[in-house]
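In what follows, a structure is listed as structure tokens, so that the remarks can point back to it.
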Amino acid sequence: MRVHVKLIATYQKLLPPGTKGNVVPLEVPDGTTLGQVMTRFEVPLDDTSVILLNGLTVPLDTILSEGDTAAAFSAIAGG
Amino acid sequence: MYGWHGRLLRINLTQRKSTIETIDPKILHDYIGGRGLAIHYLYKELDPMVDPLSVENKLIFATGPLTATTAPTGNRYMVVTKSPLTGALAHSNSGGDFPTWMKRSGFDLYIFEGKADQPVYVWVNEDQVEIRPADHLWGKDVHETTDLLLTETDPEAKVACIGPAGENRVLMAAIMNDKHRAAARSGVGAVMGSKNLKAVVAMGKKNPAFFDDAGMRALSVELSKEVGVDIKKGSNLRIYGTAYVPQVTNTLGILPTRNFQSGVFEGVDKIDGVALKEKYLITHKPCYRCPISCGRLTAVDDEKYAGKGEGPEYETIASLGSSCGVDNLAALTKANYLCNELGLDTISAGLTISAAMEMFEKGIITETQTGMPLRFGDGDAVIEMVRKIAYREGFVNELADGSFRLAENYDHPEMSVTARKQELPGYDPRGSQGMGLLYATSNKGASHMEGEVAYEEVFGVPVKADPLSTDGKAELVKRFQDAFVLIDSGGVCVFFAVRYVFTREMMIWPDRLAALLNLTTGVGYSPEEALQAAERIYNLERLFLIKAGSGPEFDTLSPRLLNEPLPEGPAKGRVVDLDKMLPEYYKVRGWDVKGYPTPSKLAELGLA
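Chains as they are written, first to last, in this note's numbering: chain A, 1 to 79; chain B, 1001 to 1608.
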């Protein structure tokens, strides 16, 4: 199935080289979780990241559905 | 005395006389400085019912014990007065260089009172204080005024001044310092204008000694290293400034769009920090000695929108940009420059223009009145409106009093997105419920700088909270409001200072802020005492509001936020569930069910 991955600001550099903008489409097998897709892009899964599914705060083991957008950005504030 | 000067400068503009007064050490201990010390004096000296633009109002500039110290981000000051926009309290915060220079002039506070019969400016060079004529500056913009004053006084001095907007008593007029920095909110510039006070120029070398110089140096180095670690990892604030935030809020569906008719803006990629960096960024520019350096020095070379200055910051992008439906970054940046030059708060200006745009598109106001089409997405119209607001020109005079009064005048209160008559910052509270409670209860009307719970709901700092839930938000809002009181009273900036007051494990626990205060002042605050001081200050502000006629009945939000669900995005279908949070908030504050501080709470805080 196809999902989208959006990596914001400093995390944009974790997208494949040459990506235009901050979103890429991605084919993933059924049963893929939010955490797994973020691991593919080397997004830290600890509390230094904010990771969202369709803009919502959900657990990292949430299974993705066709058309979902998984997004992440650095949670570091102030420096 | 360490850390504080223990002195205030009182300037009576009517009599053109200045006096130096000492400050009681117990008052310094109990109110810390900055915002806290200023409300102590305002509450003691001002009848809260005065007309904010009358000769009776007082205008206070306040530094904290950490202003002009080595504490990272120790370079803030507060402007405190009764607000002509909200009728409540104004405490507007600014950084740059001026706060440090003011502190070094040898005073913790400047209190301006009365009204000069002709325009004046005040030149404070340590104990040499002069009230000088400013007729030649009246009508000039912020840049010209600043340049002329540096020539007339000392090129090494720093200037805080108003532009034409403040002179014309525009209710969203800012006090600008170092040309591009703003104590922006609540119409503090209009109060300065009403006193015929064009500018304040400060310099000096009188910094108070630290109680423990070596200890202060060591802790400052340790804290600076923490900033350094973040910067090495890749700091959003250093690389993009606050302009990285539109992508975040748009993803959550809370980026104000077309006057809060939506929280999702299709043009966000054109006005975010990445676009700004690619197109117009010259370099990052810090407040004095700040290791974060989130400020943006930019220039637009496009002929139509040519200019150079600082910004746009996130709040400006959300107000003059997406809330006005504008995806033209050059036009938005130009409107930002113009606000700085004319001395306007970009948030209130942007949201008042977007309210007028909605009223125009819905036929409530017409081109016969406005003299031009006023449609969402028209960046040129935004620029023109900004200019006309500052000069109260023609019909646009009606916008100069803010969106609340504009919308009321046309019987469409839902088109003003405000709390206590002040326009909302860039977090739609329908998708960030805690921000809704914050705006509704803020002592200065809608403001993110009053306790930005978006840190948790949006940015995951110190931990991520679900922005759509109302659970625990009353406690969260109180915690952030108290934390921000400490930050504003200490004289530091929220961008790093959240680390002085929060820990991941213990949530709010200002042990490091207390440590900084103790090394600086020698007072020996425990974290508990610091927290109690925060509550004391917050409750005293609340008492001022109640006496000013802006009490609990104003703990609410615009009808749009309470009744009109967001039409799309992650928060689709949501309104602010204020009823669920407000009673709990009163409870955690120790107030009665109607929202008044109880006698026992006031006694506990030494305010009875």
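We put the CB at the ideal spot given by N, CA and C, even for glycine.
Quiz item: Along chain A, in chain order, which residues have C-beta atoms closer than 8 Å to that of LEU1252/B?
Solution: Walking along the second sequence from the start, residue 1252/B turns up at place 252. LEU52, GLY55, listed in chain order.
Quiz item: Nearest chain B C-beta to THR33/A closer than 7 Å, yes or no?
Solution: Along the first sequence, one-based indexing puts residue 33/A at 33. Residue contact with chain B for THR33/A: absent (no Cβ-Cβ distance below 7 Å to any residue of chain B).
Quiz prompt | Residues near LEU1148/B by beta carbon distance below 8 Å, same chain, minus five either side | solution = Position 148 of the second sequence, counted from the first residue, corresponds to residue 1148/B. Contacts found: HIS1136, LEU1137, LYS1140.
Exercise. Between the Cα of LYS1195/B and those of VAL1120/B, SER1105/B, TYR1500/B, PRO1025/B, spot the shortest distance and give me the residue it belongs to.
Key: Your numbering for residue 1195/B matches position 195 in the second sequence. Ranking the options by Cα distance to LYS1195/B, first place goes to VAL1120/B.
Quiz item: Going straight from the alpha carbon of ASN1057/B to that of ASP1154/B, what length do you get?
Solution: Residue mapping note: residue 1057/B aligns to position 57 of the second sequence, counting from 1. Residue mapping note: residue 1154/B aligns to position 154 of the second sequence, counting from 1. Roughly 30 Å between the two C-alpha positions.
Quiz prompt | Cut-off 7 Å between Cβ atoms - residues of its own chain near TYR11/A, not counting five sequence neighbours on either side | solution = Taking the first residue of the first sequence as 1, we reach residue 11/A at position 11. Hits under 7 Å: VAL43, ALA72, PHE73, SER74.
Quiz prompt | Under 7 Å between C-beta atoms of ILE1347/B and SER1319/B | solution = Translated into the one-based positions of the second sequence, residue 1347/B becomes position 347. Translated into the one-based positions of the second sequence, residue 1319/B becomes position 319. Going by C-beta atoms, ILE1347/B is nearer than 7 Å to SER1319/B.
Quiz item: Does GLY1033/B get closer than 7 Å to chain A when you measure Cβ to Cβ?
Solution: Counted from its first residue, the second sequence places residue 1033/B at position 33. No Cβ of chain A is located within less than 7 Å of the beta carbon of GLY1033/B.
Practice problem: Just grab the DSSP bridge partners of HIS4/A for me. | Solution: Here residue 4/A corresponds to residue number 4 of the first sequence, with the count starting at 1. Per DSSP, PRO25/A, THR69/A.
Quiz item: What residue range is occupied by the uninterrupted alpha helix (DSSP H) comprising HIS1029/B?
Solution: Locating residue 1029/B in the second sequence gives position 29, where the first residue counts as 1. Counting along the chain, the alpha helix (DSSP H) containing HIS1029/B begins and ends at 1025–1031.
Practice problem: Between the Cα of LEU1009/B and those of LYS1103/B, ALA1068/B, SER1354/B, GLU1457/B, spot the shortest distance and give me the residue it belongs to. | Solution: Residue mapping note: residue 1009/B aligns to position 9 of the second sequence, counting from 1. The alpha carbon of LEU1009/B has as its nearest neighbour, out of LYS1103/B, ALA1068/B, SER1354/B, GLU1457/B, the alpha carbon of LYS1103/B.
Quiz prompt | Residues near SER1442/B by beta carbon distance below 6 Å, same chain, minus five either side | solution = For the purposes of this step, residue 1442/B is taken as the residue at position 442 of the second sequence. Cβ neighbours of SER1442/B beyond the five flanking positions: GLU1450.
Quiz item: Between PHE1210/B and THR1520/B, is the Cβ-Cβ spacing less than 7 Å?
Solution: Walking along the second sequence from the start, residue 1210/B turns up at place 210. Walking along the second sequence from the start, residue 1520/B turns up at place 520. Contact flag set, yes.
Quiz item: What residue ranges within the region 1381–1431 of chain B form continuous alpha helix (DSSP H) runs of no fewer than 4 residues, ordered along the chain?
Solution: 1403–1409
Practice problem: Would you please verify whether the beta carbon of GLN1261/B is less than 7 Å from any beta carbon of chain A? | Solution: Along the second sequence, read from residue 1 onward, the residue named residue 1261/B stands at position 261. Judged by the 7 Å Cβ criterion, GLN1261/B is not in contact with chain A.
Practice problem: Please classify PRO59/A: does DSSP put it in a helix, a strand, or coil? | Solution: Numbered from its first residue, the first sequence carries residue 59/A at position 59. Reduced to three states, the DSSP call for PRO59/A is coil.
Quiz item: Does the region 1561–1574 of chain B come close enough to the region 1416–1434 of chain B to have 3 or more Cβ pairs within less than 8 Å?
Solution: Yes: the two stretches touch, three or more of their Cβ pairs being nearer than 8 Å.
Self-check item: Partner residues on chain A for TYR1240/B, Cβ-Cβ distance less than 9 Å
Solution: Position 240 of the second sequence, counted from the first residue, corresponds to residue 1240/B. Within 9 Å Cβ-Cβ: ALA9, THR10.
Exercise. Answer yes or no: do GLU1609/B and ASN1518/B have a C-beta to C-beta separation smaller than 7 Å?
Key: There is simply no residue 1609/B to check, as chain B begins at 1001 and stops at 1608 in what is shown.
Practice problem: Closer than 6 Å by C-beta to TYR1586/B: which residues in its own chain qualify, once you throw out the five before and the five after it? Chain order, please. | Solution: Taking the second sequence and counting its residues from 1, one reaches residue 1586/B at position 586. Once the five neighbours on either side are set aside, the close Cβ partners of TYR1586/B are GLY1595.
Practice problem: Decide if ASN1563/B is buried, meaning its Cβ has at least 16 other Cβ atoms within 10 Å, or exposed. | Solution: The residue you call residue 1563/B lines up with position 563 of the second sequence. Exposed.
Quiz item: Would a check of beta-carbon distances place PHE73/A closer than 7 Å to chain B?
Solution: Residue mapping note: residue 73/A aligns to position 73 of the first sequence, counting from 1. With 7 Å as the cut-off, PHE73/A counts as an interface residue toward chain B.
Practice problem: Just tell me which of TYR1525/B, PRO1099/B, HIS1029/B has its CA closest to the CA of LYS1158/B. | Solution: Locating residue 1158/B in the second sequence gives position 158, where the first residue counts as 1. Nearest C-alpha to LYS1158/B: PRO1099/B.
Practice problem: Report the rounded CA-to-CA distance for TYR1439/B versus ALA1446/B, giving the unit in angstroms. | Solution: Within the second sequence, numbered from 1, the residue matching residue 1439/B stands at position 439. Within the second sequence, numbered from 1, the residue matching residue 1446/B stands at position 446. Between TYR1439/B and ALA1446/B, the C-alpha separation is close to 4 Å.
Quiz item: Is the Cβ of HIS4/A closer than 7 Å to any Cβ of chain B?
Solution: Here residue 4/A refers to the residue found at position 4 when the first sequence is read from its first residue. Not closer than 7 Å to any Cβ of chain B, the Cβ of HIS4/A fails to qualify, so no.
Quiz prompt | Cutoff 6 Å; reference GLY1569/B; Cβ partners in own chain excluding five residues on either side | solution = As a working mapping, residue 1569/B is identified with position 569 in the second sequence. Same-chain partners within the cutoff: GLY1253, GLY1263, VAL1264.
Quiz item: By Cβ distance below 6 Å, which residues in the same chain neighbour VAL1268/B in space, the five residues on each side in sequence not counted?
Solution: The residue given as residue 1268/B occupies position 268 in the second sequence. The answer, listed in chain order, is PRO1246, ASN1250.
Exercise. Could you tell me whether any Cβ in chain A is nearer than 7 Å to the Cβ of VAL1461/B?
Key: Along the second sequence, one-based indexing puts residue 1461/B at 461. At least one CB atom of chain A sits nearer than 7 Å to the CB of VAL1461/B.
Quiz item: According to DSSP, is TYR1077/B helix, strand or coil?
Solution: Indexing the second sequence from 1 puts residue 1077/B at position 77. In this structure, TYR1077/B counts as strand in the three-state DSSP scheme.
Self-check item: Buried versus exposed, by CB contacts within 10 Å (16 or more), ASN1409/B
Solution: Here residue 1409/B is taken as the residue at index 409 of the second sequence, counted from 1. Looking at its Cβ environment, which holds fewer than 16 other Cβ atoms inside 10 Å, ASN1409/B is exposed.
Self-check item: Outcome for THR1069/B when other beta-carbon atoms lying within 10 angstroms are tallied against a minimum of 16
Solution: Here the question's residue 1069/B lines up with position 69 in the second sequence. Answer is buried; the Cβ neighbour count reaches 16.
Quiz item: By the criterion of Cβ-Cβ separation under 7 Å, what are the contact partners of ASP981/B in chain A?
Solution: Nothing can be reported for residue 981/B, as the shown portion of chain B is limited to 1001 through 1608.
Self-check item: Cα-Cα separation between TYR1500/B and MET1078/B, rounded to whole angstroms
Solution: Sequence index remark: in the second sequence, residue 1500/B carries index 500 (1-based). Sequence index remark: in the second sequence, residue 1078/B carries index 78 (1-based). Taking the straight line joining both Cα atoms gives about 19 Å.
Quiz item: Given that a residue counts as buried once 16 or more other Cβ atoms are within 10 Å of its Cβ, and exposed if not, what is THR1063/B?
Solution: Walking along the second sequence from the start, residue 1063/B turns up at place 63. That one is buried.
Quiz item: Who are the near neighbours of VAL28/A in its chain, counting only those whose CB is closer than 7 Å to its CB and skipping five residues on each side?
Solution: Position 28 of the first sequence holds residue 28/A. Contacts found: MET1, VAL3, VAL37, LEU64.
Quiz item: To which residues of the same chain is GLY1095/B closer than 7 Å at the C-beta, ignoring the five residues directly before and after it?
Solution: The residue you call residue 1095/B lines up with position 95 of the second sequence. Cβ neighbours of GLY1095/B beyond the five flanking positions: ASN1075, ARG1076, ARG1181, CYS1287, CYS1493.
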